[in-house]
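First comes the structure, then the notes that go with it.
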Amino acid sequence: MSERNNPEIVSVKSFEEISLKEKHPLVTVVVLTKNSEKHIEKCILSLLHQDFPRQMYEILVVDAGSRDRTLEICGKYGVRIVEDLGGTIGHSRNIGVKMARGNYVAFIDSDCIADKQWLRKLVNSILDADESVVAVGGPNLVPEDDSIIGKVISYMQETFLGSGGSPQSYRINKPKPVYSLANCNALYKREILLSRPYDNSLNIGEDCDLNFRLGQYRYKLVYIPDAIVWHYRPSSIRAFTRKMFIYGLGMARLHKKYRKIVRWYAPLAPSVLIAVILLFLVSYFHGCMFQFLATVSMTYVGISLYVCSKVLSKLRSFASLLVMILLPLQYISYAIGFLIGLVK
Numbered sequence: 022m023s024e025r026n027n028p029e030i031v032s033v034k035s036f037e038e039i040s041l042k043e044k045h046p047l048v049t050v051v052v053l054t055k056n057s058e059k060h061i062e063k064c065i066l067s068l069l070h071q072d073f074p075r076q077m078y079e080i081l082v083v084d085a086g087s088r089d090r091t092l093e094i095c096g097k098y099g100v101r102i103v104e105d106l107g108g109t110i111g112h113s114r115n116i117g118v119k120m121a122r123g124n125y126v127a128f129i130d131s132d133c134i135a136d137k138q139w140l141r142k143l144v145n146s147i148l149d150a151d152e153s154v155v156a157v158g159g160p161n162l163v164p165e166d167d168s169i170i171g172k173v174i175s176y177m178q179e180t181f182l183g184s185g186g187s188p189q190s191y192r193i194n195k196p197k198p199v200y201s202l203a204n205c206n207a208l209y210k211r212e213i214l215l216s217r218p219y220d221n222s223l224n225i226g227e228d229c230d231l232n233f234r235l236g237q238y239r240y241k242l243v244y245i246p247d248a249i250v251w252h253y254r255p256s257s258i259r260a261f262t263r264k265m266f267i268y269g270l271g272m273a274r275l276h277k278k279y280r281k282i283v284r285w286y287a288p289l290a291p292s293v294l295i296a297v298i299l300l301f302l303v304s305y306f307h308g309c310m311f312q313f314l315a316t317v318s319m320t321y322v323g324i325s326l327y328v329c330s331k332v333l334s335k336l337r338s339f340a341s342l343l344v345m346i347l348l349p350l351q352y353i354s355y356a357i358g359f360l361i362g363l364v365k
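Note that our numbering has the sequence shown beginning at 22, numbered continuously upward.
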């Protein structure tokens, strides 16, 4: 780990002394990145133009060994840069927490754009909450300039059937306690992250793991619907399928780690996949099962068409029909990843 010697918009001394004069808490915004030249500039610019006192927050980029123009772009804006070569995502988040100077640590991904009121909404929400609330976070919506596939994926996952109600994707319309917060849009009390750090061995699902452990200690997480970031999605079916497969692997690892169900919906997809395969096998030898299998298949088609209609109402494009491909691919690739993760 090393910290780049870059000029900073806010000096160390002024940042640490400012809390004595201002009512706002100090916040460190941590951006994890690696080879993010395509989106990192939009992300940094959105953070520099927050509706929040600029002297009250710093931007800390934790880079995992970029070989493109990511560091060059970040250097133009005078943000702090820490290099964590070879570290996992969990390790990089811990580095960000350790190097933070703020009382609170906000996380955003390098392929996200923060709404102008994002930081203010998060800070005000955690200040108004009771002491048991240790983190707040919000939705990650799809940007207007994202690919058509990215938009279909986003709108599909905003439905309950497309996400299982996961706060990471499902649209929740009012502030409410949740079991997890996606760390592409979350703010934590730094003292909590120092005492209960991320698992350094995890390269995916590290935020789910942290949030699960916090819940075991009866800490609360609160979802704030108007604390928005805009998050770019996979731009191809292949990339989306691979991402869901990796999510399945990561979730299986967490279930093995705790030997209990961490997310109720995680075992559902692999269970359904196994059941469908068994039904096909049974129907091959027993024709009486074919009608039941046909009923199940038609039910799934009906569900897919319903989700498709929801996407169509937002996208208003025939590309919404991609849901008929993406929805089953999402669950099949996730299920295969989960099953492999259990036995690997």
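Using N, Cα and C, we set each Cβ at its ideal position, and we do this for glycine too.
By alpha-carbon positions, which one of 151, 130, 145 ends up nearest to residue 162? As a working note, residue 162 is residue 141 in the sequence shown. Taking only the C-alpha atoms, the option nearest residue 162 is 130.
Tell me which residue opens and which closes the alpha helix (DSSP H) that residue 2 is part of. Because the chain spans 22 through 365 in this model, residue 2 falls outside it and cannot be assessed.
Taking Cβ positions only, does residue 132 come closer than 7 Å to chain B? No chain B appears in the structure shown, which is made up of a single protein chain.
Could you name each continuous beta strand (DSSP E) segment of 3 residues or more that falls completely within the stretch 159 to 235, going from the start of the chain to the end? 197 to 199, 206 to 210
Please specify which runs of the alpha helix (DSSP H), each continuous and at least 4 residues long, are wholly inside the stretch 61 to 102, giving them in chain order. 61 to 69, 91 to 96
Name the two residues that bound the continuous beta strand (DSSP E) containing residue 134. The count along the sequence shown starts at 1 and reaches residue 134 at position 113. Run containing residue 134: 133 to 135, per the beta strand (DSSP E) assignment.
Cβ-Cβ separation, residue 46 to residue 124 (assumed contact under 8 Å), whole Å: Within the sequence shown, numbered from 1, the residue matching residue 124 stands at position 103. Within the sequence shown, numbered from 1, the residue matching residue 46 stands at position 25. A Cβ-Cβ separation of about 5 Å places residue 124 in contact with residue 46 under the 8 Å criterion.
Am I right that residue 240 and residue 140 are in contact with their C-beta atoms under 8 Å? What's the rounded C-beta distance? Residue numbering aside, residue 240 sits at position 219 when the sequence shown is read from its first letter. Residue numbering aside, residue 140 sits at position 119 when the sequence shown is read from its first letter. The pair is not a contact, with the Cβ atoms about 22 Å apart (cut-off 8 Å).
Please classify residue 147: does DSSP put it in a helix, a strand, or coil? Reading the sequence shown from its first residue, position 126 is the one you call residue 147. Looking at residue 147 - three-state DSSP - the assignment turns out to be helix.
Would you mind stating whether residue 354 and residue 262 have Cβ atoms separated by less than 7 Å? By 1-based counting over the sequence shown, the position of residue 354 is 333. By 1-based counting over the sequence shown, the position of residue 262 is 241. Yes, Cβ-Cβ distance for residue 354 and residue 262 is below 7 Å.
Per the contact definition of three or more C-beta pairs closer than 8 Å, is the stretch 138 to 154 in contact with the stretch 102 to 113? no
Would you tell me roughly how many angstroms separate the C-alpha atoms of residue 360 and residue 154, rounded to the nearest one? On the sequence shown, residue 360 is found 339 positions in, with the first residue counted as 1. On the sequence shown, residue 154 is found 133 positions in, with the first residue counted as 1. One C-alpha to the other measures close to 34 Å.
Using the Cα positions of residue 342 and residue 252, report the straight-line distance between them to the nearest angstrom. The sequence position of residue 342 within the sequence shown is 321, counting from 1. The sequence position of residue 252 within the sequence shown is 231, counting from 1. Each residue's alpha carbon lies about 22 Å from the other.
Counted within 10 angstroms of its Cβ, other Cβ atoms place residue 319 as buried (16 or more) or exposed: On the sequence shown, residue 319 is found 298 positions in, with the first residue counted as 1. When all chains shown are included, residue 319 counts as exposed.
What does residue 130 pair with, by DSSP beta-bridge criteria? Working through the sequence shown from its first residue, we reach residue 130 at position 109. In DSSP, residue 130 forms a bridge with 53.
Is residue 360 helix, strand or coil when you go by DSSP? For the purposes of this step, residue 360 is taken as residue 339 along the sequence shown, with counting starting at 1. Helix at residue 360.
Quick one: grab the DSSP three-state call for residue 47. In the sequence shown, counting from the first residue as 1, residue 47 sits at position 26. Coil.
Span of the beta strand (DSSP E) around residue 240: Taking the first residue of the sequence shown as position 1, residue 240 is located at position 219. It is not in any beta strand (DSSP E) - residue 240 carries neither H nor E in the DSSP assignment.
Residue 156 bridges to which residues according to DSSP? On the sequence shown, residue 156 is found 135 positions in, with the first residue counted as 1. 209, 242, per the DSSP bridge assignment.
Reducing DSSP to helix, strand and coil, say where residue 42 ends up. Sequence index remark: in the sequence shown, residue 42 carries index 21 (1-based). With a pLDDT of 40 at residue 42, under the threshold of 50, the predicted position of this residue should be treated as unreliable, though the coordinate-derived value follows. Here residue 42 sits in coil by DSSP.
Out of 95, 137, 90, state which residue places its alpha-carbon closest to the alpha-carbon of residue 19. For residue 19 there is no data in the structure shown, the boundaries of the chain being 22 and 365.
Reference residue 314; option with closest CA among 68, 297, 196, 94: In the sequence shown, counting from the first residue as 1, residue 314 sits at position 293. Nearest of 68, 297, 196, 94 to residue 314, Cα basis: 297.
Between the C-alpha atoms of residue 115 and residue 349, what's the straight-line distance to the nearest angstrom? To locate residue 115, count along the sequence shown from 1; it is residue 94. To locate residue 349, count along the sequence shown from 1; it is residue 328. One C-alpha to the other measures close to 36 Å.
Which of the three DSSP states, helix, strand or coil, is assigned to residue 285? Numbered from its first residue, the sequence shown carries residue 285 at position 264. In the structure shown, residue 285 sits in coil (DSSP, three-state: anything other than H, G, I, E or B).
Assign residue 336 to one of two classes, buried (16 or more other C-beta atoms within 10 Å of its C-beta) or exposed (fewer than that). In the sequence shown, counting from the first residue as 1, residue 336 sits at position 315. By the 10 Å Cβ count, residue 336 comes out buried.
Reduced DSSP secondary structure (H/G/I, E/B, other) of residue 125: Against the sequence shown, residue 125 aligns to sequence position 104. Three-state DSSP puts residue 125 in a strand.
Outcome for residue 227 when other beta-carbon atoms lying within 10 angstroms are tallied against a minimum of 16: The sequence position of residue 227 within the sequence shown is 206, counting from 1. Residue 227 should be labelled buried.
Measuring CB to CB, does residue 50 end up less than 7 Å from residue 127? In the sequence shown, counting from the first residue as 1, residue 50 sits at position 29. In the sequence shown, counting from the first residue as 1, residue 127 sits at position 106. Result yes, Cβ atoms of residue 50 and residue 127 sit closer than 7 Å.
Do residue 117 and residue 245 count as a contact pair if the criterion is CB distance below 7 Å? Translated into the one-based positions of the sequence shown, residue 245 becomes position 224. Translated into the one-based positions of the sequence shown, residue 117 becomes position 96. No, the Cβ-Cβ distance between residue 245 and residue 117 is not below 7 Å.
Pull up the distance between the alpha-carbon of residue 304 and that of residue 322, whole angstroms please. By 1-based counting over the sequence shown, the position of residue 304 is 283. By 1-based counting over the sequence shown, the position of residue 322 is 301. Looking at the two C-alpha atoms, the distance is approximately 19 Å.
Given residue 33, which residues of its chain have a CB within under 8 Å of its CB, disregarding the five upstream and five downstream residues? Walking along the sequence shown from the start, residue 33 turns up at place 12. With a pLDDT of 41 at residue 33, under the threshold of 50, the predicted position of this residue should be treated as unreliable, though the coordinate-derived value follows. For residue 33, where only same-chain residues beyond five positions count, the Cβ hits under 8 Å are 122.
Exposure label - residue 179; buried when at least 16 CB within 10 Å: For the purposes of this step, residue 179 is identified with residue 158 of the sequence shown, where counting begins at 1. Result: buried.
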